[in-house]
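Protein chains in written order, with our numbering: chain A, 1 to 240; chain B, 1 to 240.
From the three backbone atoms N, C-alpha and C, an ideal C-beta is built for every residue, glycine too.
All of these numbers come straight from a predicted model, not from anything done at the bench.
There are 2 protein chains.
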Amino acid sequence: MIGCDCHVCHSPDPRDNRLRSSIYVETPECSFVVDTGTDFRTQALRENIRNVDAVVFTHSHTDHVMGFDDLRRFGAARGYMPVYASAETMRDLERVYEFAFKALNPFPGYLKPEPHIIEGPFALGQTTLTPLPVPHGDSKVNGYLFTRDGRKLLAYLSDCSGVPDEITKLIVDVDTLVIDALREKPHPTHLSVGEALEVAARIRSSQTFFTHVCHELPQSAEAALPLNTHIAYDGLKLDF
Amino acid sequence: MIGCDCHVCHSPDPRDNRLRSSIYVETPECSFVVDTGTDFRTQALRENIRNVDAVVFTHSHTDHVMGFDDLRRFGAARGYMPVYASAETMRDLERVYEFAFKALNPFPGYLKPEPHIIEGPFALGQTTLTPLPVPHGDSKVNGYLFTRDGRKLLAYLSDCSGVPDEITKLIVDVDTLVIDALREKPHPTHLSVGEALEVAARIRSSQTFFTHVCHELPQSAEAALPLNTHIAYDGLKLDF
Numbered sequence: 001m002i003g004c005d006c007h008v009c010h011s012p013d014p015r016d017n018r019l020r021s022s023i024y025v026e027t028p029e030c031s032f033v034v035d036t037g038t039d040f041r042t043q044a045l046r047e048n049i050r051n052v053d054a055v056v057f058t059h060s061h062t063d064h065v066m067g068f069d070d071l072r073r074f075g076a077a078r079g080y081m082p083v084y085a086s087a088e089t090m091r092d093l094e095r096v097y098e099f100a101f102k103a104l105n106p107f108p109g110y111l112k113p114e115p116h117i118i119e120g121p122f123a124l125g126q127t128t129l130t131p132l133p134v135p136h137g138d139s140k141v142n143g144y145l146f147t148r149d150g151r152k153l154l155a156y157l158s159d160c161s162g163v164p165d166e167i168t169k170l171i172v173d174v175d176t177l178v179i180d181a182l183r184e185k186p187h188p189t190h191l192s193v194g195e196a197l198e199v200a201a202r203i204r205s206s207q208t209f210f211t212h213v214c215h216e217l218p219q220s221a222e223a224a225l226p227l228n229t230h231i232a233y234d235g236l237k238l239d240f
Numbered sequence: 001m002i003g004c005d006c007h008v009c010h011s012p013d014p015r016d017n018r019l020r021s022s023i024y025v026e027t028p029e030c031s032f033v034v035d036t037g038t039d040f041r042t043q044a045l046r047e048n049i050r051n052v053d054a055v056v057f058t059h060s061h062t063d064h065v066m067g068f069d070d071l072r073r074f075g076a077a078r079g080y081m082p083v084y085a086s087a088e089t090m091r092d093l094e095r096v097y098e099f100a101f102k103a104l105n106p107f108p109g110y111l112k113p114e115p116h117i118i119e120g121p122f123a124l125g126q127t128t129l130t131p132l133p134v135p136h137g138d139s140k141v142n143g144y145l146f147t148r149d150g151r152k153l154l155a156y157l158s159d160c161s162g163v164p165d166e167i168t169k170l171i172v173d174v175d176t177l178v179i180d181a182l183r184e185k186p187h188p189t190h191l192s193v194g195e196a197l198e199v200a201a202r203i204r205s206s207q208t209f210f211t212h213v214c215h216e217l218p219q220s221a222e223a224a225l226p227l228n229t230h231i232a233y234d235g236l237k238l239d240f
């Protein structure tokens, strides 16, 4: 954190050096990102990402959308970039990135979004994404369940302060759960470690990764977590 | 640049590794930034910046404003963050960062901007900033002249496609000119190296630094530039 002298912000463990949360998904058919936070360019350079066929948004908070314009590098060949978001999030994206959505810039190579409002499960290649609307304080955020060939591979819940029973039912027994766990201490808009563990137990995921972790939770805290429960870190790669 | 295999993008010279353009100004009375681009958090962490008393904007393109929310770390103590911008840029900031300007978020520690519309020279501590409106393609961008004790210390023109005579007159004989020089080849919204050199010759600056440089202009190109003309790099520090 800017201007912070705590031991996590000055940790020698590179995994304690964290950028904004997002995921990049590669499938045999296509590749896509979930969220383009402020660090998107830095992350794309670090991982040498060469292809983004679509972007899916969880919500419109700054740490999830402010790198959107850097998608221009990936939309240029096709001429447009498919954007998947809830109606509310799309409205915010259209307001913030007015120049892109209104195609105000005539220069070639600029980002031209192709909006897709999410109203239920949708497919990107042969992956089905099921939106998982969850509370994030007073707002609503889309998590996503990723299914292929009928297998529940991944549930991604980056920002939530709770997981309602109807969402738990959709993702019960998922292979991998990636879930918000900001810190040990409760927070009004994010799950704490204890709350995230309680959700994971209900979901009975085979493995669980904490994301959106703040500097109050060092990577070393993983040692005290249950078996198959981990703290995710920047650059972590998972195979399915 | 994302997904680029050119020799500058893979240069062993760390100065060829460039984030978005901005400057941080420290004076005996106060400290401020000009622009908070998408990389602002990364830059603030790298330079261990502990104090930002105000932010001044040149214009509202994404590479100059998308790190704005990360100023929250600096406004918390005072309770608000003074924001200086032209009326047009402020309108864009208010649209993009609606939640901050409308104080929609009640949590402590969130960014609370205090807008100051720039209509002429203004003071930050004992530094006078004179706006220098210059064309940037079809739009208008504010450069700034920084004066202390009547001395013209610095003219900062980060984004311009030309420098009109009336602006040249304001900054002639400035100590240090920092000026847009995207690359050798002409560009519709940025000065080329040749155009920037021609402007610098008219201004008769004691020293000149090129900024907003793209991957078509390596740091090594500095060797071919006139005496006292340099290519700026990330982390460059100048004393006045």
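Check: Tell me whether C6 (chain B) is buried or exposed, calling it buried when 16 or more other Cβ atoms sit within 10 Å of its Cβ.; Outcome: exposed
Check: How big is the Cα-Cα spacing for R46 (chain A) and E47 (chain B)?; Outcome: 20 Å
Check: What are the uninterrupted segments assigned as alpha helix (DSSP H) that are 4 or more residues long and contained completely in the segment 81-152 of chain B, given in chain order?; Outcome: 87-96, 98-101
Check: What does R91 (chain A) touch in chain B if you count any residue whose Cβ is under 9 Å from its own?; Outcome: Simply none; closest approach about 11 Å.
Check: By the DSSP assignment, the beta strand (DSSP E) with V33 (chain B) in it spans what residues?; Outcome: 31-34
Check: Can you find the residues in the same chain that come closer than 8 Å, C-beta to C-beta, to D160 (chain B), ignoring five residues on each side of it along the sequence?; Outcome: In the sequence as displayed, the identity of residue 160 (chain B) is Cys instead of Asp. Contacts found: V134, P135, H136, V141, G143, I179, D180, H190, L191.
Check: Could you tell me which chain A residues have their CB closer than 7 Å to the CB of V134 (chain B), listed as they occur along the chain?; Outcome: By Cβ distance, chain A contributes nothing, its closest Cβ being about 19 Å from V134 (chain B), past 7 Å.
Check: Please list the terminal residues of the continuous alpha helix (DSSP H) segment that includes A44 (chain A).; Outcome: 40-46
Check: Hey, L145 (chain A) and V174 (chain A): beta-carbon distance below 8 Å or not?; Outcome: yes
Check: Taking only beta-carbon positions, decide if R241 (chain A) is within less than 8 Å of chain B.; Outcome: The shown model of chain A, from 1 to 240, leaves out residue 241 (chain A), and the question about it has no answer.
Check: Distance cutoff 8 Å, beta carbons only. Does D35 (chain B) sit that close to anything in chain A?; Outcome: no
Check: Looking only at its own chain, which residues have a Cβ that is under 6 Å from the Cβ of S21 (chain A), when we skip the five neighbours before and after it?; Outcome: S158, T211, H212
Check: For R46 (chain A), would you say it is in contact with chain B, using Cβ-to-Cβ distances shorter than 8 Å as the test?; Outcome: no
Check: Along the chain, where does the beta strand (DSSP E) that runs through I179 (chain A) open and close?; Outcome: 176-180
Check: Going by DSSP in three states, A232 (chain A) sits in which element: helix, strand or coil?; Outcome: coil
Check: How would you call L227 (chain B), buried or exposed, if buried means at least 16 neighbouring beta carbons within 10 angstroms?; Outcome: exposed
Check: Note down, in chain order, all residues in the segment 57-69 of chain B with a beta-carbon under 7 Å from any beta-carbon belonging to chain A.; Outcome: T62, M66, G67, D69
Check: Could you confirm whether any beta carbon from chain A is found closer than 8 Å to the beta carbon of T211 (chain B)?; Outcome: no
Check: Let's see if you can read the secondary structure: which residues bound the alpha helix (DSSP H) around A221 (chain A)?; Outcome: Taken as a continuous stretch (DSSP letters only), A221 (chain A) belongs to no alpha helix (DSSP H), as it is neither H nor E.
Check: Which one or two residues does DSSP pair with A155 (chain B) in a beta bridge?; Outcome: B:L145, B:L177
Check: At the level of alpha carbons, what is the spacing between R202 (chain A) and K169 (chain A)?; Outcome: 9 Å
Check: Give the residues of chain B in contact with T42 (chain A), contact being defined as C-beta atoms less than 7 Å apart.; Outcome: T42
Check: State the start and end residues of the unbroken alpha helix (DSSP H) segment that holds A196 (chain B).; Outcome: 193-203
Check: I'd like to know whether the C-beta atoms of F40 (chain B) and Y84 (chain B) end up nearer to each other than 8 Å.; Outcome: no
Check: When the distance is taken between beta carbons, is T127 (chain B) closer than 8 Å to T208 (chain B)?; Outcome: no
Check: Note down, in chain order, every chain A residue with its Cβ under 8 Å from the Cβ of I23 (chain B).; Outcome: Result: empty, since nearest Cβ-Cβ is about 17 Å, beyond 8 Å.
Check: When the distance is taken between beta carbons, is L71 (chain B) closer than 8 Å to V56 (chain B)?; Outcome: no
Check: May I ask you to list the residues that DSSP assigns as paired with T211 (chain B)?; Outcome: B:D180
Check: Identify which residue in A:A87, A:T58, A:V52 has its Cα closest to the Cα of F74 (chain A).; Outcome: A:V52
Check: Could you pull the start and end residues of the beta strand (DSSP E) that V65 (chain A) belongs to?; Outcome: Premise fails: V65 (chain A) lies in the alpha helix (DSSP H), 62-65, not in any beta strand (DSSP E).
Check: Buried or exposed: which applies to S206 (chain B), given that a residue is buried once 16 or more other Cβ atoms fall within 10 Å of its Cβ?; Outcome: exposed
Check: Who are the Cβ neighbours of C214 (chain B) in its own chain at under 6 Å, not counting the five residues just before and after it?; Outcome: L182, R183
Check: Give the straight-line distance between the Cα atoms of Y156 (chain A) and F32 (chain A), rounded to the nearest whole angstrom.; Outcome: 14 Å
Check: So, is E195 (chain A) buried or exposed, given that buried needs 16 or more other C-beta atoms within 10 angstroms?; Outcome: buried
Check: For the beta strand (DSSP E) containing I2 (chain A), list its first residue and its last residue.; Outcome: Premise fails: I2 (chain A) is in no beta strand (DSSP E) and is neither H nor E.
Check: Which residues mark the beginning and the end of the alpha helix (DSSP H) in which I49 (chain A) is found?; Outcome: I49 (chain A) -> no alpha helix (DSSP H), and no H or E assigned at all.
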